[in-house]
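Visitor: Each residue of the sequence shown is one higher than the one before, counting from 4 in this note's numbering. Got a structure for you, written out below as structure tokens; questions coming shortly.
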Amino acid sequence: MSVCAVAYSGRGRLAAAVARYLQEKGVPVIGIVDRAAAQREALEALGIKVFRIKNQSEAWIEICRQERVKLIVLAGYLSLLPAEVVKQYEGRILNSHPALLPAFGGQGMYGRRVHEAVAAAGASESGFTIHFVNEHYDEGPILHQVRLPTAGLTAEEIEAFIQAAEREIYPAIVYRVWSEIEGLPPV
4 MSVCAVAYSG RGRLAAAVAR YLQEKGVPVI GIVDRAAAQR EALEALGIKV FRIKNQSEAW
64 IEICRQERVK LIVLAGYLSL LPAEVVKQYE GRILNSHPAL LPAFGGQGMY GRRVHEAVAA
124 AGASESGFTI HFVNEHYDEG PILHQVRLPT AGLTAEEIEA FIQAAEREIY PAIVYRVWSE
184 IEGLPPV
């Protein structure tokens, strides 16, 4: 049976939301972290095997091959995936970026930094963008955007607002893509 890999670099809250949703739908899941400080417990608490990869093509490809990974989901994963992984999994790597791309994206734009930039720009709306991953930060084809009103909110308020929506919506879209890849009936 095919597996979905959920990759993250930090606390793993979004990764856990995605993994929990997929498990409820019967999808086998593994976790991948790229930093020693990443909290593996976020997925291990769900009974999910978590691998640590130092973002090397060979390690990614070997683990994905061994575990029969069909879809890679980035959920707070901060490193640029190796080009060989992107090539091998083209059209099967998703990311959720905490802003409305193309604005507030690119290298170094993650987490609180994004929300601070949105607040400093006085943007009347923000949200998050689910996109397919290519060789560049936040430039892959956009699959879905969620727009939320943010006028007058602080960076902390924007962050909390977007994270809550992202944890609710991203897992369902991941499952929709998984179903399409697996040839399951539409959800």
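Cβ coordinates follow ideal geometry from the N, Cα and C atoms, glycine included. Predicted model only: the values in this text are computed from it and were never measured.
Can you tell me whether residue 155 is buried or exposed, with buried defined as 16 or more other CB within 10 angstroms of its CB?
Guide: Under a 10 Å Cβ-count criterion, residue 155 is classified as exposed, with fewer than 16 other Cβ atoms of the shown protein chains found around its own Cβ.
Visitor: Can you check DSSP and say which residues form a bridge with residue 98?
Guide: 77, 134
Visitor: Alpha carbon to alpha carbon, how far is residue 102 from residue 117? Give it in angstroms, no decimals.
Guide: 7 Å
Visitor: Straight-line CA distance for residue 86 to residue 142?
Guide: Taking the straight line from one Cα to the other gives about 14 Å.
Visitor: What three-state label does DSSP hand residue 139 in the structure shown?
Guide: Under the three-state reduction of DSSP, residue 139 is assigned to coil, being neither helix nor strand.
Visitor: Kindly confirm or deny that the stretch 37-57 and the stretch 103-114 touch, where touching means at least three C-beta pairs closer than 8 Å.
Guide: no
Visitor: From what residue to what residue does the beta strand (DSSP E) around residue 152 run?
Guide: 145-152
Visitor: Can you tell me where the beta strand (DSSP E) holding residue 11 begins and where it ends?
Guide: Note, residue 11: beta strand (DSSP E), 6-11.
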